[in-house]
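All the letters of the sequence shown, read from the start, carry residue numbers 1 to 114 under the UniProt record's numbering.
Beta carbons: idealized from backbone N, C-alpha and C, even for Gly.
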Amino acid sequence: MRSFLSIADISYKVQCMMAATTVDYGKIEAWVVMEFLFLQGKGAAEIHGKMKDDCPLYSTVKSWVARFWTSHLEVTDEPWSGRPISTTTEDKANSVNAMILENHQISAKVIAET
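This is the structure we're talking about:
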């Protein structure tokens, strides 16, 4: 969700954060600062240099700048596909259990193929 701060408010906040000797950027703050600097025409190397030692790794900055170039200016991450939903059902479990009881030396490969 985008904040409804004015450009002047964001600019002031970014300048204050950049002026501090050490800043502990959270993910959202780092993203906002990087987006602001990107919109000012700064590249990944310059953004990384301006954010001092407490910013994300250069590779992360570079990745985010690439996302900004593709007009992905949202602060939130895309949903992950994650682990696939398990297809294990009680019927399948009972079937595998029956195969094992029938033949104790059955291989996992044979079970997987059936």
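Going by CA-CA distance only, name the one from the options that's closest to residue i.
| i | options | result |
| --- | --- | --- |
| LYS27 | GLU46, MET51 and GLY43 | MET51 |
| SER71 | GLU35, SER95 and LEU57 | GLU35 |
| ALA112 | LYS92, HIS104, LEU39 and VAL61 | LYS92 |
| ARG67 | TRP31, ILE100 and SER81 | TRP31 |
The alpha helix (DSSP H) that contains residue i, what's its start and end?
| i | result |
| --- | --- |
| LEU39 | 27-39 |
| GLY49 | 44-50 |
| ASN97 | 90-102 |
| THR60 | 58-69 |
| ILE111 | 108-113 |
Would you mind sorting residue i into buried or exposed? The rule is 16 or more other CB atoms within 10 Å of its CB.
| i | result |
| --- | --- |
| ILE47 | buried |
| TRP69 | exposed |
| LEU37 | buried |
| VAL33 | buried |
| VAL61 | buried |
| SER3 | Summary for SER3: the model assigns pLDDT 47, below 50, so the residue's position carries little reliability; its value from the coordinates is reported in the next sentence. By the 10 Å Cβ count, SER3 comes out exposed. |
| MET1 | Any answer about MET1 is weak, because its pLDDT of 42 lies below 50 and its placement is not dependable; what the coordinates show is given next. Result: exposed. |
If I'm right that residue i touches residue j with Cβ under 8 Å, what's the distance once you round it to whole angstroms?
| i | j | result |
| --- | --- | --- |
| VAL65 | GLY43 | 7 Å |
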